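Below you'll find the structure, written out as structure tokens, and then a few comments.
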Amino acid sequence: MASPEIATLAYRDLMRDMAGEVAEATAELPAGYERLCAGLESFWDSVRERRSELRHVAESNEAQELFGRIGRPFQHLLYSELLNSGCEDPAPHLSPLIEDVRSIAHTELRSGRRARQKRRQLLERVGEHCRA
Numbered sequence: 050m051a052s053p054e055i056a057t058l059a060y061r062d063l064m065r066d067m068a069g070e071v072a073e074a075t076a077e078l079p080a081g082y083e084r085l086c087a088g089l090e091s092f093w094d095s096v097r098e099r100r101s102e103l104r105h106v107a108e109s110n111e112a113q114e115l116f117g118r119i120g121r122p123f124q125h126l127l128y129s130e131l132l133n134s135g136c137e138d139p140a141p142h143l144s145p146l147i148e149d150v151r152s153i154a155h156t157e158l159r160s161g162r163r164a165r166q167k168r169r170q171l172l173e174r175v176g177e178h179c180r181a
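Taking this note's numbering, the leading residue of the sequence shown gets 50, the next gets one more, and so forth.
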């Protein structure tokens, strides 16, 4: 098992890569709900693509730290797109939505399958905040 310092560096590098993938996937889209949905899909795809790297960590003692970090690449995009979509105060909505993002990533990481229903429900909730 890697030392805590090496594991922390690996997590940081992984999250930076995932953040870059989210930004790249959404860069050409107009601000708002469409960009938000694309960012979520990109984030979850990134988790699935890295399943082999992440799975052993998800089942280890470092899992809580990992799942605390999952979602961070998406947090800034979520906050700014909620604002751009007309949500006047996204801050109270951010934590529960990020927790749902983490939960879906965790489910998909453990099962290896897409959590389609959970994804759809989250996108519907985000859409409600965008239209509120």
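Cβ coordinates follow ideal geometry from the N, Cα and C atoms, glycine included. As the structure is a computational prediction, the values presented were derived from the model and not from experiment.
Note on residue 157: 16 or more other CB atoms within 10 angstroms of its CB, so buried under the neighbour-count rule. If the five residues before and after residue 84 are omitted, its C-beta is found closer than 6 Å to the C-beta atoms of 75, 78, 130, all from its own chain and listed in chain order. The Cβ neighbour count for residue 165, taken over all protein chains shown within 10 Å, is under 16; the residue is labelled exposed. Distance from the Cα of residue 151 is smallest, within the candidate group 72, 95, 176, for 95. When the five nearest sequence neighbours on each side are left out, the beta carbons in the same chain lying within less than 8 Å of the beta carbon of residue 143 are those of 124, 127, 128, 131, in order along the chain. In the structure shown, the three-state DSSP call for residue 148 is helix. Residue 139 sits buried, since 16 or more C-beta atoms from the chains shown fall within 10 Å of its C-beta.
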